[in-house]
Every structure is written in structure tokens, then in C-alpha cells.
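If you use our numbering, the sequence shown corresponds to residues 346 to 793, in order.
Input: a single structure, listed below in C-alpha cells.
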Amino acid sequence: MDWIVSFSSTILIFIAAIFILVTVHEFGHFIAAKYFKMRVNKFSIGFPPKIISWKRKSTEYVLGLTPLGGYVQIAGMIDETMDESFIGEEPKPDEFRSKPVWQRIIVILAGVIFNMILAVVIYTGMTWSYGETVVPVRSVGGIYVEEGSLADRIGLQTGDQIIGVNGEEVDYFNELFNPSAITDRNLSYLVNRNGDTVTISTPPNFLDLINEEGRFIDETNSLPSKISRVMPDSPAESAGLQDGDEVVAVNGESVSYWMQLVNSIQNTDESIELTVRRESGLETVEVTPDPETKTIGIQSPNPTDIFDLDRRTYNLAQSTVIGFTKTSDTFTGIIKGIGRMFSGDISVRDNLGGPVAIANITKEATDAGGWIGFWNITAFLSVTLAIMNMLPIPALDGGHFMFLAYEGITRREPSPKVRMGLQQLGFIFLIGLFILVTFNDILRTFGG
């Protein structure tokens with residue numbers, strides 16, 4: 346029963362995100378067409394079958410049952426509706442084809458522009474409403490690097506303090522992993538190691554390696570080996586461990602980090618000897634982990650109690666600047682990521698996602714961050730949608746722009762027959778791509 350609830354909530358969240366993105370995108374085309382006095386025959390959100398429709402003046406407004414896209418049908422335009430009834434007739438003043446090239450280009454680009462604006466608005470609104478909680482890099486201290494982990498394989502060591510990315514020091518921990526930085530082909534990290542600054546370079550397929558391992562480095566790698574709470578009726582309580590105990594050694598081997606402590610506990614099937622620091626001094630406690638879970642019943646310290654979190658609030662002007670910056674970083678990161686896939690640096694199969702992947706990511710973001718997570722992933726997907734729509738594929742905005750650019754340069758419009766043929770090929774290509782990425786999503790979801 347739980348999986349039904351989870352699946353239903355995933356679908357609803359996915360539909361909500363796609364509905365917002367598609368509505369904003371198509372409204373961009375719609376409002377631009379209306380501004381230039383082009384006749385809009387249909388404004389549809391979703392594809393057939395039709396749920397509801399109504400007509401106002403010359404435009405039919407439609408809500409379709411399939412929430413994977415939408416379209417604005419502008420009179421005199423060869424688009425995804427494949428309407429060619431007007432070909433051979435004299436252009437009417439309110440038709441797309443009768444307007445200057447520059448106006449038609451604006452109409453085609455309006456959807457993409459509105460998606461970028463939506464991302465800026467969301468990031469701005471989130472920053473203005475909730476502010477930001479940032480972690481100063483200098484407050485995080487060193488990290489624990491597990492032997493054989495990805496961090497270990499690229500050359501990081503326990504005790505290293507990451508202070509910068511791509512040759513530049515940063516002030517806040519989150520800046521180490523922003524989309525623009527981590528998609529750089531020559532990604533490297535600056536590390537403070539025993540007072541010396543060391544550069545740690547990553548391999549070209551670093552993003553694939555992160556996907557394989559499931560994680561790289563986050564603030565949990567820096568948490569100290571201090572017990573925040575001992576669980577009732579646990580092996581730890583029976584052994585006499587107390588809230589606030591700082592574990593400094595396991596079986597005589599020193600430990601400093603929480604993950605280091607956890608690994609030491611999980612790598613043994615026998616009782617272990619913990620050396621803990623208390624106000625009274627150092628004491629030794631012997632505890633036997635649970636044989637099934639290999640845990641002793643202790644909780645890690647809360648990062649908010651360990652790191653010097655910097656809670657910031659911003660006025661509207663400052664939030665707008667941050668909104669533009671985040672949108673720009675997201676845009677740059679996605680473009681770099683696509684480039685890395687085409688160059689073969691990273692796997693297309695592991696990084697190209699379709700509707701199933703989008704639904705899962707949206708649900709995970711919402712589960713982790715509530716409405717904040719939902720709006721953040723919606724902003725990210727809005728930028729992604731803008732970029733995908735500008736690919737030079739007939740049937741996408743980029744394909745229409747390509748035809749208009751040709752017309753603007755040569756002063757000659759491509760023949761309707763050629764455009765219809767390319768539109769059909771583009772549509773077939775997109776259907777094939779949709780099937781491919783969906784199949785790929787299913788394989789990844791079920792471990793294929």
C-alpha cells in the first residue's frame with residue numbers, strides 16, 4: 346500500500362512541475378504572438394485526449410490529459426500540428442508568415458525566454474522569502490576519506506580541508522559543488538593539507554564516477570566523532586556510553602570523524618573497545634554491536650551544532666541578483682554537461698534522463714526539502730527545458746529559429762514542402778528519443 350501512495354505522490358508532483366513549466370513556456374509564445382497581432386488558433390497545455398476546452402474570440406484554449414507538453418497553434422505557421430491547409434493561399438495580415446522575420450524570431454524565442462525568466466523568478470522568490478543558510482569553508486575543517494572511496498582514488502586524504510574549486514578559493518561550502526563548477530572538464534579542488542595548498546585534479550569521467558558511487562563529499566565527512574544521543578535499550582546504553590561522549594579511539598586506533606567511527610564499528614563482528622573523552626577525562630567502554638545491523642545505537646552530531654552556519658536574509662534587489670546568478674550557473678552547468686556527453690567524457694546512458702528520471706528527481710527533491718526542494722528543482726528543470734527547446738531540431742523552437750535565421754540571411758523562405766518534411770522527420774526523431782530515454786530510465790530504475 347505504501348508504494349501506491351509513494352507512486353501516486355510522485356506522479357502528482359511530476360505533473361505539477363511539468364504543468365508549470367509547459368504553461369509558462371507556451372504562454373511566452375502566446376503573449377508574443379498576440380503582441381505582434383498574430384492570430385492564435387489554439388493554446389493547448391497537455392496533449393490529447395482533451396479534458397476541457399473553451400473558446401474566446403479567435404482562440405481555443407485546451408487542457409489535455411497527457412501532461413508532457415503543449416503547443417500554441419499560430420495561424421500561418423508550420424508547426425507540430427502539421428497543419429498545411431493555408432499553403433498555397435495568399436498570406437493574411439494576421440498570420441505568422443506575413444510578419445517580419447524579426448517578429449517571428451521573437452515569437453519563437455519567447456517560450457525559451459519565459460522559461461529562463463521563470464527560473465530567475467523562482468530563485469529570486471526563494472532567496473527573498475527564505476534567505477540562505479551557508480556554511481563558511483573555514484568552519485568545516487578537515488574531512489574523513491574512506492579507503493577505496495572516490496575521494497580516496499582522486500588523491501584526497503583524511504584531514505584535508507577543501508578550500509576552493511578550479512583554482513579559486515571560495516567562501517562557502519556550497520560553492521564547491523555549484524553546477525557550473527562541477528561540470529568543468531578540468532575540475533579540480535584546492536586543498537589545505539597540513540598548512541600547504543594542494544591541487545587535486547579529477548578525471549574527465551568524474552561525474553560518472555559520482556553516479557556509480559552514489560556520493561562524493563559533503564558536510565557529513567567533517568562531522569566529529571561525538572555522540573549527540575545514545576538510543577534507549579541499545580548496546581551503547583547497556584555499555585554505559587553517554588550523550589556528549591567524544592570517541593577518540595576504537596580498539597586503540599585514534600578516530601576523529603563520525604564516518605570514521607561508523608566504519609570502525611561496522612567492520613567488526615566482535616565487541617570493541619571505545620576510548621571516550623568526558624569532562625572527567627578519558628574512559629574506556631566496551632560495547633558489542635548488534636549482530637544484524639552492526640550498529641550500537643548512537644546518533645551523530647547535528648551539523649547546525651558543529652559548523653558556524655551563516656543565516657542570511659536579502660532584500661528584493663539582492664535576491665534578484667542571486668536569482669540571476671543561480672540561473673546563470675545552472676545554465677552554464679547544463680551546457681557544459683551536454684558538451685561533456687557529446688565529447689564522450691561522461692556517459693549518455695547514465696546522465697540523459699527522460700520523464701521517469703525527472704519524476705524521480707522531482708519527488709526526491711520534494712521529499713528532502715518540501716516546497717523549497719520542489720521549487721528549486723522546478724527552476725532547474727525550467728532552465729533545462731529552455732536549453733532542450735533550442736536544440737536545432739525541426740519541431741523544436743531551435744528548429745524554427747534555424748529556418749528563420751536562414752530566411753533572414755538569404756532573404757528566401759524555405760519551401761513549405763521542405764519544411765513539412767523536416768518537421769515530420771524532427772517529430773519522428775523526438776518520438777524515438779522519448780522512447781529511448783524512457784526505456785533508459787526504466788533500465789536504470791530497475792538496475793538494468
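Beta carbons: idealized from backbone N, C-alpha and C, even for Gly.
Since the structure is predicted, the reported quantities are computational estimates derived from the model, not experimental observations.
Collapsing the DSSP output to three states places Y659 in coil. Beta-bridge pairing by DSSP links E618 to E631. With 16 or more other Cβ atoms inside 10 Å of its own Cβ, L606 counts as buried. Of the other Cβ atoms in all chains shown, fewer than 16 fall within 10 Å of the Cβ of D655; this residue is therefore exposed.
A contact between stretches requires three or more CB pairs, one per stretch, nearer than 8 Å, and the stretch 498 to 513 fails this requirement with the stretch 617 to 628.
Of R530, R574, D505, the smallest CA-CA separation from V543 is found for D505.
Per the C-alpha coordinates, the member of P412, A662, Q663 positioned closest to I358 is P412. When beta bridges are read from the DSSP output, Q644 appears opposite R574. In the displayed model, V607 falls within a helix according to three-state DSSP. Beta-bridge annotation (DSSP): L554 is not paired with any residue. The alpha-carbon separation between I562 and K387 amounts to approximately 49 Å. Between L586 and V632, the gap from beta carbon to beta carbon is short of 9 Å. With a cutoff of 9 Å on beta-carbon distance, T565 and W603 are scored as near each other. With a contact defined as Cβ atoms closer than 8 Å, L501 and V490 qualify at about 5 Å. As for any alpha helix (DSSP H) of minimum length 4 sitting wholly inside the stretch 396 to 474, there is none. Within its own chain, the residues whose Cβ lies closer than 7 Å to the Cβ of G391, once the five positions on either side in sequence are excluded, are L408, G409, L410, T411, P412, G415, listed in chain order. The C-beta distance from V621 to V575 rounds to 11 Å, too long to meet the 8 Å contact threshold.
Excluding sequence positions up to five before and after F746, its CB lies within less than 8 Å of the CB of I450, I453, L454, M735, P737, all in the same chain and listed in chain order. For V600, there is no enclosing beta strand (DSSP E), as DSSP marks it with neither H nor E. The Cβ atoms of G668 and G493 do not sit closer than 9 Å to each other. The beta carbons of T665 and V728 sit about 17 Å from each other, so the pair does not count as a contact at 8 Å. Going by DSSP, T542 is part of the beta strand (DSSP E) stretching over 541 to 546.
Contact between R657 and V482 does not hold, since the beta-carbon distance rounds to 15 Å and is not under 8 Å. Per DSSP, T755 is one residue of the alpha helix (DSSP H) stretching across 742 to 755. Taking all protein chains shown into account, E371 has 16 or more neighbouring C-beta atoms within 10 Å of its C-beta and is therefore buried.
Membership of L495 in any beta strand (DSSP E) is not indicated; the residue belongs instead to the alpha helix (DSSP H) covering 495 to 498. Here the C-alpha atom of W716 lies approximately 19 Å from the C-alpha atom of T368.
Beta-bridge partners assigned by DSSP to Y534: V510, I545. The C-beta distance from T528 to R757 rounds to 39 Å, too long to fall under 8 Å, and the pair is not in contact. Only residues of its own chain outside the window of five on either side were considered, and among them R657 have a CB closer than 7 Å to the CB of E477, listed in chain order.
In the DSSP assignment, T478 forms a beta bridge with R656. Separation of the CB atoms of G589 and I572 is rounded to 7 Å, and the pair is thereby assigned contact status at 8 Å. For E591, the secondary structure class from DSSP, reduced to helix, strand or coil, is strand. Per DSSP, I527 is one residue of the alpha helix (DSSP H) stretching across 524 to 527. A464 counts as buried, since no fewer than 16 other beta carbons sit within 10 angstroms of its beta carbon.
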